[in-house]
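Numbers given in the numbering used here equal positions in the sequence shown, counted from 1, plus 1. Contents: one structure, followed by commentary.
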Amino acid sequence: MSKVPLLGPQYLIEALTHSQEYQLACQLLWLNWNEDPNTLYRHHVEPTDVRFARALQASQLVRGRLDLGNYRDVSQLLAHHGRWFSSNGRDELLAPFLG
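Here it is, written out as structure tokens:
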């Protein structure tokens, strides 16, 4: 039997209450990021969104449409939806693959 990492207390609270942070992480995993051109301020994917999405996948709470631990999935995500990410969000997404 393989061990599945548990969510930390703060992430668990956010997941149970379906907080804004949880919803953003799920939107990233399901490739459903809001990119409405009519909004005055567009929320980019930030490092906190990427970390939460990775924690949700690691705990097997949300699978999503892509695997953030797979370089191919991550590179395709950036190729198709690079405009979603802040520069720090992009760096956080690529961090596990940089050696």
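Cβ atoms here follow ideal geometry from the backbone N, Cα and C, with glycine treated the same way. Bear in mind the structure is a predicted one, so any value in this text is a computation, not a measurement.
In DSSP terms, what residue i is bridged to
i	result
F86	V46
Proximal residues to residue i (C-beta, below 8 angstroms), its chain only, five neighbours per side dropped
i	result
L78	L32, L67, L94
H45	W85, F86, S87, G90
Three-way DSSP call (helix, strand, coil) for residue i in this model
i	result
L7	coil
D92	helix
Q58	helix
E36	coil
Selected residue, minimal CA-CA separation from residue i, among the options
i	options	result
V63	Y72, F98, F53	F53
P48	D37, E36, L69	L69
Cutoff 7 angstroms; reference residue i; Cβ partners in own chain excluding five residues on either side
i	result
Y12	F53, A56
Chain C contact for residue i (CB, 7 angstroms cutoff)
i	result
Q28	Absent here is chain C; the protein component of the structure consists of one chain.
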